[in-house]
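These notes concern the structure reproduced below.
In the UniProt record's numbering, the protein residues as written are 1 to 195.
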């Protein structure tokens, strides 16, 4: 009977090692996202002067839940206010200059960058007062699309009145001490609103 104890322990150790190897090296993880430090609703800074173009901007870290990593084919943001839903599906991120999003590899260490989500061409959207649900989605190379972040945000009537001027937008800055986003309107020049 006692001769089987070392054998059982060895088999269990081998199984545990095999599972660890599978989950850390072979299994594809999922793309995850940290809570954005900044979220912005407002005009796109590139065409600020004569444009109704709006964007959602976030600053965050994207990372993979496994060592193997994932390729991101695309990202988009969905904003819902009451029954109204709008997708911001033109993704641009900065990695030493702005680039149209596509083919971004995300490993376990992650990539921290600014992400700009614009409306499709000829789409019109107004950031009206009220409660918003912001959702961020990724599409991986295997065409699997899933949500990686969700946050409720509020546009106060006073903030809405301030942003009626096309040269301003609403910033939501994460306050880790109070565990919520502090909203403020920032009126800046064209270059600053490019985030």
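Glycine included, C-beta positions come from ideal geometry on N, C-alpha and C.
- Counting along the chain, no alpha helix (DSSP H) covers residue 77; the unbroken beta strand (DSSP E) around it starts and ends at 70-81.
- DSSP, reduced to helix, strand and coil, places residue 181 within a strand of the structure shown.
- The residue among 9, 37, 180, 42 with its C-alpha nearest the C-alpha of residue 159 is 42.
- Contact fails between the stretch 125-132 and the stretch 140-148, because fewer than three Cβ pairs, one in each stretch, are under 8 Å apart.
- Assignment of residue 130 by DSSP, reduced to helix, strand and coil, places it in the strand class.
- Per the C-alpha coordinates, the member of 67, 54, 22, 2 positioned closest to residue 32 is 67.
- The alpha-carbon of residue 157 is positioned some 13 Å away from that of residue 169.
- In the three-state DSSP reduction, residue 16 falls in the helix class (H, G or I).
- Counting only the Cα atoms, residue 175 lies some 25 Å from residue 88.
- Counting along the chain, no alpha helix (DSSP H) covers residue 52, and no H or E run does either.
- In the structure shown, residue 25 falls within a helical segment according to DSSP collapsed to helix, strand and coil.
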